[in-house]
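Numbering (my numbering), first residue to last: 1392 to 1454.
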Amino acid sequence: MQLHRAIGDSPTYLNYVVWESTEAVRAGFSQAEFVARLSAYPSSVVASPHLFQKVAVPGFCTA
1392 MQLHRAIGDS PTYLNYVVWE STEAVRAGFS QAEFVARLSA YPSSVVASPH
1442 LFQKVAVPGF CTA
């Protein structure tokens, strides 16, 4: 897990987590203890879980 903070005056943070698999994400979100931790965040927090995959861009980056 890695927490990133926006540069400058933006109050935006991004919590980046690498899961072993899509199934591991589903298992995590189905555990009561995990879900309970989400409700402990301040009311100002907007949580929007997403799944991403690496993409190679020729001449720029590899997957």
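The C-beta atom is built at its ideal place from N, Cα and C for all residues, glycine as well.
In this text the structure is predicted, and so the values were computed from the model without any measurement.
Inter-residue spacing [alpha-carbon to alpha-carbon] between residue i and residue j
i     : j     : result
F1420 : L1442 : 13 Å
D1400 : S1434 : 20 Å
E1424 : A1447 : 36 Å
A1427 : G1450 : 44 Å
R1364 : V1409 : In this structure the chain extends from 1392 to 1454, so residue 1364 is not present and cannot be described.
Simplified DSSP state of residue i, which is helix, strand or coil
i     : result
L1394 : strand
V1436 : coil
L1442 : coil
Chain D contact for residue i (CB, 8 Å cutoff)
i     : result
H1441 : Looking at the structure shown, chain D is missing, and only one protein chain is on hand.
Alpha helix (DSSP H) segment containing residue i, residue limits
i     : result
V1409 : Where V1409 is concerned, there is no enclosing alpha helix (DSSP H), given that its DSSP letter is neither H nor E.
F1425 : A1423 to S1430
Selection from the options that minimises the alpha carbon distance to residue i
i     : options                : result
V1437 : Y1404, A1415 and V1416 : Y1404
R1412 : Q1444, A1454 and C1452 : The question names Arg, but residue 1412 is Ser in the sequence shown. Closest option to S1412, Cα to Cα, is Q1444.
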